[in-house]
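Order-wise, the sequence lines are chains A and B.
Residue numbers for the first sequence follow this note's numbering, so the first one is 12 and each next one is one higher.
Residue numbers for the second sequence follow this note's numbering, so the first one is 12 and each next one is one higher.
Even for Gly, the Cβ is constructed at its ideal location relative to N, Cα and C.
What follows is a short report on a single structure.
2 protein chains.
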Amino acid sequence: MGLARHMVNARSTGTSEQSKDDSQSSSDYETGLSDDEQLDVRIWLRLLTCANLIERRVRKNLRDKFDTTLPRFDVLAQVDRSPNGQPMRELSRRMMVTNGNITPLVDRLVEDKLIKRDPSPEDRRVQHIRLTAGGKRALDEMIPAHVSWVNNLIANLDRDNASQLYALLGELKASIQTAERDED
Amino acid sequence: MGLARHMVNARSTGTSEQSKDDSQSSSDYETGLSDDEQLDVRIWLRLLTCANLIERRVRKNLRDKFDTTLPRFDVLAQVDRSPNGQPMRELSRRMMVTNGNITPLVDRLVEDKLIKRDPSPEDRRVQHIRLTAGGKRALDEMIPAHVSWVNNLIANLDRDNASQLYALLGELKASIQTAERDED
């Protein structure tokens, strides 16, 4: 109840932000937040803004420089991180989407001969996904480019701050996982 | 060139991570990263993992508790942050998507009488989007719930760490924006 009231009050004081709306500066998820907005909500919206800014740049560069999409690159990069291949359910977990969402993507990459399905070495009834030689070659060009784009975007953060941000995002991730476990 | 080599080496040492692949623990974008992976790439994947974890929970709760979707909620919450309304181009900037992507969403919310299009007070030729009374009532229920979900996920982060994370995400955002300006 306290929270509800807080939010309603915060909303009605939003007019001081109004002048920003018409400026030329770029807007994002944080625009128009009032000063007394909850810290946690601010963290969430700032996190989302940063993730979207990086993602937008990576998508654009993948399109412009490699004529490919982010979901295709993500599948290849994830498959690459398991040299012995991985089953679909593991791939979809890593990509944080459902099996159904990546099946058409995987089918297409198989057609394009960038990945292949092979029986698992441990259990031949399970299909593992792994890179083809062509997929490896494609990634050998894309991965260093991807690293350099991300470096470029984060380069203006000094290295102490970068290490600290990484550690704090680790704390955040642990906090979310604890909350999820308590919920389920 | 140094980066390319680094990445190729990092990839070939991935086997030590393999045992994790078959465990029951939940996987995400960080799974299978080798220890010598670039800090910036680690930051990016951890950021993406946190954003996806929070987003997944918020989507689920919006569906279960309000029978609505995240994009619909996002539009309403953004419109709400400009009490005097805002033009479509500002709304799409804030939501970090193109105009074309939110037009069908906005049309649908207008049909559902949650938002309306009115002439701007400054320029009657420009349509501003604002909440209807019904949209305000819907948000009055959803916003405090959204705040409490986010609080719940971030609650296990102590308040000093939370403040510091918020500040460092601000540095990250500034770094990305500087890089983008240099690029364009």
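C-beta neighbour in chain B for residue i, strict 8 Å
i, result
"Lys184/A", "yes"
"Gln138/A", "no"
"Glu191/A", "yes"
"Asp51/A", "yes"
Where residue i sits in the DSSP three-state scheme
i, result
"Leu168/A", "coil"
"Gln175/B", "helix"
"Arg92/B", "coil"
"Asp39/A", "coil"
"Lys127/B", "strand"
"Arg135/B", "coil"
"Leu142/B", "strand"
"Leu183/B", "helix"
Chain A contact for residue i (CB, 8 Å cutoff)
i, result
"Asp39/B", "yes"
"Val117/B", "no"
"Met99/B", "no"
"Thr42/B", "yes"
"Arg92/B", "yes"
"Leu179/B", "yes"
"Ala62/B", "yes"
"Asn167/B", "yes"
"Ile65/B", "yes"
"Ala173/B", "yes"
"Arg148/B", "no"
Distance cut-off 7 Å: residue i Cβ against heavy atoms of the ligand NAP
i, result
"Arg92/A", "Of ligands this structure carries none, so the ligand NAP is not represented either."
Beta-carbon gap between residue i and residue j smaller than 8 Å
i, j, result
"Leu58/B", "Cys61/A", "yes"
"Glu101/B", "Ser38/A", "yes"
"Val90/A", "Arg141/A", "yes"
"Arg68/B", "Leu120/B", "no"
"Ile187/B", "Ile65/A", "yes"
"Leu87/A", "Ala144/A", "no"
"Ile165/B", "Ile54/A", "yes"
"Asn167/A", "Thr42/B", "no"
Using 8 Å as the Cβ pair cut-off and three pairs as the minimum, do the stretch 123-139 of chain A and the stretch 93-104 of chain A touch? yes
Evaluate the contact criterion for the stretch 112-124 of chain A versus the stretch 154-161 of chain A: three or more CB pairs, one atom per stretch, below 8 Å. no
Counting only runs of 4+ residues fully inside the stretch 46-118 of chain A, write out the alpha helix (DSSP H) ranges in chain order. List check, alpha helix (DSSP H) in window: 50-77, 81-91, 99-105.
Would you be able to state if there are at least three C-beta pairs under 8 Å between the stretch 72-89 of chain B and the stretch 141-156 of chain B? yes
Mind the definition here: the stretch 174-181 of chain A touches the stretch 174-184 of chain B only if three or more C-beta pairs lie below 8 Å; say whether that holds. yes
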